[in-house]
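*Asks:* So the protein sequences, as listed, match chains A and B.
So the first sequence is numbered by this note's numbering: it starts at 1 and just counts up by one.
So the second sequence is numbered by this note's numbering: it starts at 261 and just counts up by one.
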Amino acid sequence: MKILVCLKQVPHQDARLDVNGDGTWIKEDGIKFEINSYDTYALEEALRIKDAGEAEVVVASIGPDRVTQALRTALGMGADRAVHVNDAACQGSDALGIAKTLAAIAKEESPDLILMGLMSDDGNASAVPPMVAELVGMPSATAVVATERSEGNIRVERELEGGAVEVVDVPTPCLLAVQSGLNQVRYASLKGIMAAKKKPLDVKTAADLGVADAVGTAGAKVKIEKIYQPLRGEGAEILSGSTDEIVSSLMNKIKELGLL
Amino acid sequence: MDFRFDEDQELLQTTVRDFLEGEITAEVVRGLWETKTARSPELWKTLAEIGLPGMLVPEEHGGMGMDEVDFVLLLEETGRAGLAEPIVATAAVAAPMLRGVGGDLAKQWLPKIATGDAIVAVGHPSLPFVEDAHVADLLLLPAGDELHAVLAADVEITEQPTNDPSRRIASVSFAAAEGTRIASGADAAQLWETAFDRGALACAAQALGACDRMLQIAVEYTSERKQFGKPIGSFQAVKHHLAAVKVKLEYARPVVQRAAHSVASGSAKRGLHVSMAKLVACEAAVFGAKQTLQCHGAIGYTWEQDLHVWMRRAWSLDRSWGRSPAHLARVRAAILEPDARLGAGTTFSNA
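1) Can you name the start and end residues of the alpha helix (DSSP H) that His-500/B belongs to?
2) Quick check: is any heavy atom of the ligand SAH less than 8 Å from the C-beta of Arg-340/B?
3) When DSSP labels each residue in this structure, what does Ile-442/B get in the three-state scheme?
4) Suppose only complete runs of 4+ residues qualify. What are the alpha helix (DSSP H) ranges in the region 82-119 of chain A, listed by chain order?
5) Where Gln-273/B and Ile-254/A are concerned, what is the direct C-alpha to C-alpha distance, given to the nearest angstrom?
6) Name the two residues that bound the continuous beta strand (DSSP E) containing Val-178/A.
7) Determine the burial state of Glu-391/B: buried for a count of at least 16 other Cβ atoms within 10 Å of its Cβ, exposed for fewer.
8) Just list the beta strand (DSSP E) runs in the region 131-162 of chain A, keeping only unbroken ones of 3 residues or longer that don't cross its boundaries, in chain order.
9) Report back the beta-carbon spacing between Val-132/A and Ile-114/A to the nearest angstrom; my notes put them in contact at under 8 Å.
10) Indicate whether the contact test is met: 3 or more Cβ pairs, each with one atom in the region 144-151 of chain A and one in the region 21-37 of chain A, closer than 8 Å.
11) Thinking C-beta only, is Pro-346/B closer than 9 Å to Ala-396/B?
12) 9 Å is my cut-off, CB to CB: does Ala-188/A come that close to chain B?
13) Can you give, in chain order, each stretch of the alpha helix (DSSP H) that sits fully within the region 560-608 of chain B and has at least 4 residues?
14) When burial is assigned at 16 or more other CB atoms within 10 Å of the CB, is Trp-575/B buried or exposed?
15) Beta carbon of Leu-451/B, beta carbon of Val-516/B: below 9 Å?
16) CA-CA distance, Leu-602/B and Ile-595/B?
17) Mind pulling the chain B residues with CB within less than 8 Å of Gly-63/A?
18) With the cut-off set at 9 Å, would you say Ala-586/B and Ser-535/B are in Cβ contact?
19) In whole angstroms, give me the CA-to-CA distance for Ala-104/A and Lys-32/A.
20) Can Ala-537/B and Ala-519/B be called in contact, C-beta distance under 9 Å?
21) I need the straight-line Cα distance from Ser-426/B to Pro-318/B, nearest angstrom please.
22) For Thr-552/B, does the count of other Cβ atoms within 10 angstroms reach 16, so buried, or fall short, so exposed?
23) Please list, in chain order, all residues of the same chain as Val-58/A whose beta carbon is under 8 Å from its beta carbon, the five residues on each side excluded.
24) Hey, quick one: how far does the beta strand (DSSP E) through His-408/B stretch, first residue to last?
25) Do you know whose CA, among Pro-11/A, Ala-55/A, His-12/A and Asp-65/A, lies nearest Leu-201/A's CA?
26) Determine whether the Cβ of Glu-267/B lies closer than 9 Å to any Cβ atom of chain A.
27) Considering only the beta carbon of each residue, do Pro-356/B and Ala-443/B sit closer than 9 Å?
28) Within the continuous beta strand (DSSP E) that includes Ser-249/A, where are the two ends?
29) Please name the residue in Gln-487/B, Leu-387/B, Glu-416/B and Gly-439/B whose C-alpha comes closest to that of Ser-584/B.
30) For Ser-61/A, name the three-state secondary structure that DSSP assigns.
31) Can a CB atom of chain B be found closer than 9 Å to the CB of Ile-34/A?
32) Can you tell me the Cα-Cα spacing of Val-329/B and His-12/A, whole angstroms?
33) Along chain A, which residues have their Cβ under 7 Å away from the Cβ of Asp-414/B?
34) In the DSSP assignment, the alpha helix (DSSP H) including Ser-431/B goes from what residue to what residue?
As structure tokens, then:
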């Protein structure tokens with residue numbers, strides 16, 4: 001069994017984020033990056049399948065040199081090999097450009113299962129996984145919170161609104177986009193990190209994958225117009241007095257606004 | 261010469277930091293304070309799975325086979341986490357001591373250190389008490405000019421009070437016997453000398469981490485706490501305190517890292533470099549404790565505020581593996597010796 005896990009490297013959750021000069025993204029210089037938290041659950045799920053039997057786990061990511069660290073960490077956690085699309089031409093790709101690149105990797109690898117995080121901590125679009133599934137012609141399920149494998153099938157539980165859970169049988173090969181909390185993610189060991197140096201890490205370009213026209217700002221159908229910090233609102237009023245006075249004052253204001 | 265750490269060393273540091281940030285919170289440290297031993301066998305086992313106790317254990321014994329330069333960044337992370345498990349004694353001191361002794365003792369105990377199945381405490385002849393003797397499986401102890409390896413069952417331990425609930429020290433007595441002696445004379449002296457340097461170096465590295473963590477806590481607090489409509493950290497009277505800590509910390513870090521290189525390479529100046537590192541790192545940490553407490557004001561004195569977890573670690577590390585006078589004496593001796601080579605041209609010399 002071959003499992004492809006798609007990872008994204010995102011700014012560390014504790015990183016201080018400042019908007020860049022042209023206001024279209026954040027300043028990436030000098031901040032720490034980490035593997036997208038949702039993707040770590042996808043990787044852990046793949047490694048558990050590997051631990052339970054015969055499986056090869058391939059991790060793939062797109063981005064500059066710094067992404068090597070994310071892939072080395074994944075290899076250190078137990079993945080078998082990595083594919084790194086390191087091509088300046090990919091800079092500025094939209095979700096579809098990313099999906100086409102990952103789909104091209106998937107077509108080369110022909111995995112039995114593709115695992116991805118439901119969304120990225122920075123983009124929050126949840127767009128890439130279904131796009132990849134469509135491009136490679138695989139059935140897919142998103143917001144996966146539990147899996148149970150059987151021959152030619154994976155039964156998944158999907159998280160729906162309001163705490164409801166949907167149970168779906170997905171025939172393999174398939175793509176699953178996992179929700180956070182699916183499992184307890186392991187830590188990479190120091191020995192694993194050192195052993196990871198000897199594991200294959202293939203570096204590719206968009207042209208190698210035949211998607212040069214689909215990536216980068218030129219290939220993007222969606223462009224980020226503006227990134228900005230939420231503006232501080234005006235007119236907030238803090239009510240004071242005893243509890244009864246505050247409640248009375250609040251009720252009057254609600255009535256004044258015609259909301260009651 | 262390129263003094264920077266390489267990508268592998270930085271990735272190992274990131275890996276350990278991620279693990280410690282996830283697993284060793286202030287709540288975990290406080291929880292351990294409430295236990296009888298202040299230590300957790302489960303945590304020690306997890307640390308072994310990550311690979312920390314086995315960093316200096318040779319690969320043929322199941323360890324990482326790394327050296328002090330690889331280890332120093334990770335030790336700093338353990339200090340940043342406030343981790344009090346016996347990493348210094350077992351991983352930084354006992355493992356290389358046993359490696360130096362070699363033979364059946366090394367074959368028996370080094371694999372256990374790497375797998376987290378053994379804790380080894382070290383009672384250095386120059387130190388009055390033994391840290392973590394209460395949880396040790398094996399103790400390396402002095403008797404005259406000899407070095408003995410004694411099983412926990414064969415020692416008598418009297419625990420001593422400390423002002424850091426994380427720090428457990430004890431006076432240890434045992435009956436020296438032929439069967440427990442593993443080195444004597446010059447061989448033992450050499451092992452004890454390097455052990456002292458390794459212990460002091462590890463404490464210095466942990467002190468850097470503790471200082472950095474206190475600074476982080478204080479920066480966060482002074483950025484949130486407002487007075488006169490502004491964060492108190494914006495006032496010079498506050499931020500200059502913290503800037504002074506940052507300066508001390510950044511000046512201390514390369515001294516510690518140089519000492520790590522000296523220990524790893526067996527430099528003739530190893531003792532001097534280690535003592536300088538211990539002095540400046542612990543001075544930074546103790547100074548950091550004082551200044552960050554000052555910046556917190558009264559809230560800093562409360563039990564609920566986490567700052568004191570690291571303040572206590574700073575004070576403990578300052579006292580561990582040689583107090584300041586002992587290290588000052590070594591530096592003074594090196595500087596004042598008649599043929600001391602000082603000044604330009606000798607800084608990076610190992611002679």
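Glycine included, C-beta positions come from ideal geometry on N, C-alpha and C.
Note that the structure is predicted; figures quoted are calculated from it, not measured.
*Replies:* Inspection of the coordinates gives the following:
1) 496-525
2) The ligand content of the structure shown is nil, which means the ligand SAH is not present either.
3) strand
4) Taken in chain order, the whole alpha helix (DSSP H) runs of length 4 or more contained in the region 82-119 of chain A are 95-109.
5) 55 Å
6) 174-178
7) buried
8) 140-150 and 153-159
9) 7 Å
10) no
11) yes
12) yes
13) 567-579 and 584-596
14) Classification for Trp-575/B: buried.
15) Taking 9 Å as the Cβ cut-off, Leu-451/B and Val-516/B do not qualify as a contacting pair.
16) 7 Å
17) The premise fails here: Gly-63/A is roughly 16 Å from chain B at the closest Cβ pair, so nothing lies under 8 Å.
18) yes
19) 29 Å
20) yes
21) The alpha-carbon atoms of Ser-426/B and Pro-318/B are separated by roughly 29 Å.
22) buried
23) Excluding its 5 nearest sequence neighbours in each direction, Val-58/A has C-beta neighbours in its own chain below 8 Å: Lys-2, Ile-3, Leu-4, Val-5, Ala-79, Asp-80, Arg-81, Ala-82, Val-83, Glu-109 and Pro-111, listed in chain order.
24) 406-411
25) Asp-65/A
26) yes
27) no
28) Here Ser-249/A belongs to no beta strand (DSSP E); instead the alpha helix (DSSP H) covers 243-256.
29) Leu-387/B
30) If DSSP states are grouped into helix, strand and coil, Ser-61/A belongs with the strands.
31) Here residue 34/A turns out to be Glu, not Ile, going by the sequence shown. True, the Cβ-Cβ gap to chain B drops below 9 Å.
32) 26 Å
33) In chain order: nothing, as chain A lies at least about 33 Å away.
34) Unbroken run through Ser-431/B is the beta strand (DSSP E), 429-434; no alpha helix (DSSP H).
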